[in-house]
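First to last, the sequence lines map onto chains A and B.
Numbering-wise (the numbering used here), the first sequence opens with residue 1 and increments by one.
Numbering-wise (the numbering used here), the second sequence opens with residue 1001 and increments by one.
The beta-carbon is built from N, C-alpha and C at its ideal position, and this holds for glycine as well.
Keep in mind that this is a model prediction, so the values were computed, not measured.
First the structure, in the form of structure tokens, and then the observations on it.
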Amino acid sequence: MPHLEIDGAVKRYAGKTVLHGIDLALGQGEFVSLLGPSGCGKTTLLRIVAGFERPDGGRVVLAGADITDRPAARRNMGMVFQAYSLFPNMTAEENVRFGLKVRRETPAAQQARAAELLALVGLAEHARKYPHQLSGGQQQRVALARALAIRPALLLLDEPLSALDAKVRVQLRDEIRRIQQETGVTTLFVTHDQEEALSISDRVVVMQEGRIAQAGTPAEIYGEPANIFVARFVGAAAELRGRVRDAEAGLVELCGRAVPAVRARGLTTGAEVHVLLRPETVRLGPPGAAEALLEGVVASRVFFGALTSIRIEIDGGFSLAAAMPSAEAGAVAQGSRVSVWWDGEAPRVLAAE
Amino acid sequence: MRFRFKTGEGGGLTLAFVGPLVVYVIAFLVLPTLMLLAEAFSGKRGLTLKYVAALGQGQTVVAFRNSIVLSALAALVGVIAGGIAAYLVLRPGMKRGVRSLVTSFSAVAANFAGVPLAFAFIATLGSLGIITVWLKSAGVDLYGMGFSLYSLPGLVLVYAYFQIPLMIIVFTPALEALRREWREAAENLGASAFDYWRHVGLPILLPSLLSAFILLFGNAFSAYATPYALTSGIVALVPVEISNVLSGNVMISQQTGAALALGMIVVMVAVMGLYALAARRIGRWGRR
């Protein structure tokens, strides 16, 4: 039995449907991310689970109990918000104790639990500080401790990292995953950052215009995008228009040349397709290399530290990017001609809409 | 040609705007206060404590007591009623039209004081006012029950007319600054509405409530035209007493007037001192 079950959730605002019957189930201890662009309905879905919004259709079931009509205060869910939501009139410790205080737990129990949680998020020495005396990352850690203090049946994270700078964001992202695994709390995480979702989740649910576009493990979402929206939204990929040359042989035609793409098998020969190539699957070599499928000119190089992104203008009119270890990328000069190839397993082939 | 404000180290722009204000404050607040101070202690033969000592006389003590009680009550009524009204108007789901209607009305009503306001109340709730007469014909004799518009409770009622809208105006920004996330976080953690207001909402608003109380207290404490037009001096109040001694209604004594005004300043300074102490205590979480 799933720990959380969202069954046909529908939400409308002023006659506009923003959620079209969402079905989603989370197993006990699972970390699931809702990923999508602004306005796709991911936060609305989270707020329905939290009890801040009432669905116009469908139901929310937690541990076998229908909680659709249960007020937020009685759902026993911990939530970390996007904006800093710590109570500014309370110290970090008082914030963490708040949920226990309103549950009428003894002061000793409150204190012990707050100390335990602040230690878990690495802020034991900041217990007596007010929110304005803490950095953004520290505030979000306290918010996480506060949400976990009540031993929630479900942890809800509403873009908790989006207001933080890049370095702190990565640190806290890893912290959240560690803490989630330590506590085993079932977690629903909302984000528009695909890197965040892929790196932290057991499963990712990509949402588009109030519908689930694809749900799967991070590897499935990245490697096997179900449609062009998911492919475009998750990870970088060159998107090339082509045609299935020979479906049985797994060949597609790009710029008048037949190139291998085993995923073309099962499609119809002659069908228009999108061929998606992740930068890390593209190989480069000197002109005339034996493996060459296409040739082109290096248009630009962008250094990203360990990797360098190289953009190639392919003869015939389209461009694609290759990601190479920076140590090897030195040999590929801007403006030089290169051969381009890939393994037949690499391209994702989607029927053109 | 491009113009650029100078905002660098020299602070020329700041000086250009703040400078005239400082001059204005010195010319029309600091200097008059110093002159009052000097006058209150000046007699025909130089320095004297006669006029300040006269503040302890019966009628003056009553005037100060009445003014303080009236101002505190009017401020309290304004803070409570105006605070609740502002909260209700800003509640989620309240129509925008209602909100702008209340805001516009408040802006007008907060400035509608003096003789017109006194007349409006006399015409409605005076001893022969429309509502009074109508209620009497319906069997409710307001004045027979002890109510009088020309008394302290009557003045509190009239002051409420401009105090409540003023409270709505000054308190709305504080209410708007309450973040939705605080309420939702509290709710999510299991708090009832009462828990939220007790532990989060009211403590955060308390400094603003105190500031508003001081403003409303000062507003009522310095009101002159309204009580004068309404009570014609029946209820002793300090501003009316000052007018009496300056206009020669009872006697002409600039020094007595100066001493009374000085007393008012002392009261306001004392109230603001109490406020500073309280604000320091309750607002410690906001200090950087």
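Rounded to whole angstroms, what's the CA-CA distance from residue i to residue j? Just pull it up for me.
{"i": "Ser1192 (chain B)", "j": "Gly99 (chain A)", "result": "11 Å"}
{"i": "Gly1078 (chain B)", "j": "Phe1119 (chain B)", "result": "21 Å"}
{"i": "Ala327 (chain A)", "j": "Val349 (chain A)", "result": "31 Å"}
{"i": "Pro55 (chain A)", "j": "Arg47 (chain A)", "result": "10 Å"}
{"i": "Ala359 (chain A)", "j": "Leu284 (chain A)", "result": "A query on residue 359 (chain A) cannot be resolved here, the shown segment of chain A reaching from 1 to 353 and no further."}
{"i": "Ala966 (chain B)", "j": "Ala1081 (chain B)", "result": "The first residue shown for chain B is 1001 and the last is 1288, placing residue 966 (chain B) beyond what the model contains."}
{"i": "Ala108 (chain A)", "j": "His1199 (chain B)", "result": "19 Å"}
{"i": "Thr1172 (chain B)", "j": "Ala1086 (chain B)", "result": "6 Å"}
{"i": "Met1145 (chain B)", "j": "Lys1136 (chain B)", "result": "11 Å"}
{"i": "Phe1003 (chain B)", "j": "Tyr1024 (chain B)", "result": "Low local confidence applies: a pLDDT of 49 at Phe1003 (chain B) is under 50, so the model's placement there is unreliable, with the coordinate-based value given in what follows. If I take the Cα positions, the gap works out to 28 Å."}
{"i": "Tyr1207 (chain B)", "j": "Ser1104 (chain B)", "result": "Note that residue 1207 (chain B) is Pro in the sequence shown, not Tyr. Approximately 25 Å, taken between the alpha carbons."}
{"i": "Ala1236 (chain B)", "j": "Asp1195 (chain B)", "result": "44 Å"}
{"i": "Phe1017 (chain B)", "j": "Gly1011 (chain B)", "result": "10 Å"}
{"i": "Gly21 (chain A)", "j": "Val205 (chain A)", "result": "14 Å"}
{"i": "Ser336 (chain A)", "j": "Pro347 (chain A)", "result": "25 Å"}
{"i": "Arg232 (chain A)", "j": "Ala215 (chain A)", "result": "15 Å"}
{"i": "Phe1005 (chain B)", "j": "Thr1014 (chain B)", "result": "A caution first: Phe1005 (chain B) carries a pLDDT of 48, below 50, which makes its placement in the model too unreliable to give a value."}
{"i": "Ser1151 (chain B)", "j": "Lys101 (chain A)", "result": "48 Å"}
{"i": "Ser199 (chain A)", "j": "Leu1209 (chain B)", "result": "47 Å"}
{"i": "Gly1201 (chain B)", "j": "Leu1189 (chain B)", "result": "15 Å"}
{"i": "Gly27 (chain A)", "j": "Ile67 (chain A)", "result": "17 Å"}
{"i": "Gln1059 (chain B)", "j": "Ala1278 (chain B)", "result": "32 Å"}
{"i": "Cys40 (chain A)", "j": "Trp1182 (chain B)", "result": "25 Å"}
{"i": "Ala247 (chain A)", "j": "Gly266 (chain A)", "result": "6 Å"}
{"i": "Met1001 (chain B)", "j": "Phe229 (chain A)", "result": "For Met1001 (chain B), the pLDDT reaches just 46, beneath the cut-off of 50, and the residue's location in the model is therefore unreliable, although a value from the coordinates is still provided. In a straight line, the C-alpha of Met1001 (chain B) is about 50 Å away from that of Phe229 (chain A)."}
{"i": "Ile1026 (chain B)", "j": "Val1269 (chain B)", "result": "18 Å"}
Comparing the C-beta of residue i with each C-beta of chain B, is any distance below 8 Å?
{"i": "Asn89 (chain A)", "result": "yes"}
{"i": "Ser407 (chain A)", "result": "Here chain A has residues from 1 to 353 only, and residue 407 (chain A) is not among them."}
{"i": "Arg337 (chain A)", "result": "no"}
{"i": "Ile150 (chain A)", "result": "yes"}
{"i": "Met1 (chain A)", "result": "no"}
{"i": "Arg178 (chain A)", "result": "no"}
{"i": "Val185 (chain A)", "result": "no"}
{"i": "Gly99 (chain A)", "result": "yes"}
{"i": "Tyr222 (chain A)", "result": "no"}
{"i": "Tyr130 (chain A)", "result": "yes"}
{"i": "Val60 (chain A)", "result": "no"}
{"i": "Ala145 (chain A)", "result": "no"}
Find the nearest neighbour of residue i within the set the options, judged by alpha-carbon distance.
{"i": "Asn1244 (chain B)", "options": "B:Ala1063, B:Ile1026, B:Leu1216, B:Ala1212", "result": "B:Ala1063"}
{"i": "Ala355 (chain A)", "options": "A:Ser339, A:Gln180, A:Ser38, A:Thr217", "result": "The first residue shown for chain A is 1 and the last is 353, placing residue 355 (chain A) beyond what the model contains."}
{"i": "Thr1226 (chain B)", "options": "B:Phe1217, B:Met1035, B:Val1240, B:Thr1256", "result": "B:Val1240"}
{"i": "Gly1233 (chain B)", "options": "B:Asn1066, B:Leu1073, B:Ala1016, B:Gly1012", "result": "B:Asn1066"}
{"i": "Thr187 (chain A)", "options": "A:Lys167, A:Leu154, A:Gln181", "result": "A:Leu154"}
{"i": "Glu224 (chain A)", "options": "A:Thr68, A:Leu307, A:Glu345", "result": "A:Glu345"}
{"i": "Ile176 (chain A)", "options": "A:Leu164, A:Pro160, A:Asp165", "result": "A:Pro160"}
{"i": "Leu156 (chain A)", "options": "A:Gly78, A:Gln171, A:Arg12", "result": "A:Gly78"}
{"i": "Lys42 (chain A)", "options": "A:Val80, A:Ala306, A:Met207, A:Ala14", "result": "A:Met207"}
{"i": "Arg263 (chain A)", "options": "A:Ala351, A:Leu293, A:Arg97", "result": "A:Ala351"}
{"i": "Ala1160 (chain B)", "options": "B:Leu1175, B:Met1272, B:Val1052, B:Ala1113", "result": "B:Ala1113"}
{"i": "Gly235 (chain A)", "options": "A:Leu254, A:Thr106, A:Leu277", "result": "A:Leu277"}
{"i": "Glu93 (chain A)", "options": "A:Leu62, A:Asp66, A:Leu144", "result": "A:Leu144"}
{"i": "Leu1047 (chain B)", "options": "B:Ala1038, B:Pro1153, B:Ala1054, B:Leu1175", "result": "B:Ala1038"}
{"i": "Arg113 (chain A)", "options": "A:Arg104, A:Val96, A:Arg75, A:Arg301", "result": "A:Val96"}
8 Å is my cut-off, CB to CB: does residue i come that close to chain A?
{"i": "Glu1184 (chain B)", "result": "yes"}
{"i": "Ser1104 (chain B)", "result": "no"}
{"i": "Asp1195 (chain B)", "result": "yes"}
{"i": "Leu1175 (chain B)", "result": "no"}
{"i": "Gly1286 (chain B)", "result": "yes"}
{"i": "Val1025 (chain B)", "result": "no"}
{"i": "Pro1203 (chain B)", "result": "yes"}
{"i": "Ala1191 (chain B)", "result": "yes"}
{"i": "Asn1188 (chain B)", "result": "yes"}
{"i": "Arg1179 (chain B)", "result": "yes"}
{"i": "Val1200 (chain B)", "result": "yes"}
Can a CB atom of chain D be found closer than 8 Å to the CB of residue i?
{"i": "Glu1039 (chain B)", "result": "Annotation note: the requested chain D is absent from the structure, which comprises protein chains A and B."}
Touching or not, the stretch 1164-1172 of chain B and the stretch 39-53 of chain A, by the rule of three or more beta carbon pairs under 8 Å?
no
Just list the alpha helix (DSSP H) runs in the stretch 279-352 of chain A, keeping only unbroken ones of 4 residues or longer that don't cross its boundaries, in chain order.
326-329
Runs of alpha helix (DSSP H) wholly within the stretch 1020-1058 of chain B (minimum 4 residues, chain order)
1031-1040, 1050-1053
Considering only residues of the stretch 176-256 of chain A, which uninterrupted alpha helix (DSSP H) runs meet the minimum length of 4 residues and lie entirely inside it, listed in chain order?
194-200, 218-223, 228-233
If contact is defined by three or more beta carbon pairs under 8 Å, each pair taking one atom from either stretch, is the stretch 196-215 of chain A in contact with the stretch 239-256 of chain A?
no
Could you give the uninterrupted runs of the alpha helix (DSSP H) lying entirely in the stretch 11-89 of chain A, keeping only those of 4 residues or more?
42-50
Cβ contact check for the stretch 104-124 of chain A and the stretch 1206-1225 of chain B: 3 or more pairs under 8 Å
no
If you scan the stretch 1228-1275 of chain B from start to end, which runs of the alpha helix (DSSP H) of 4 or more residues do you find wholly inside it?
1238-1247
Does the stretch 287-301 of chain A come within contact of the stretch 311-322 of chain A, defined as at least 3 CB pairs closer than 8 Å?
yes
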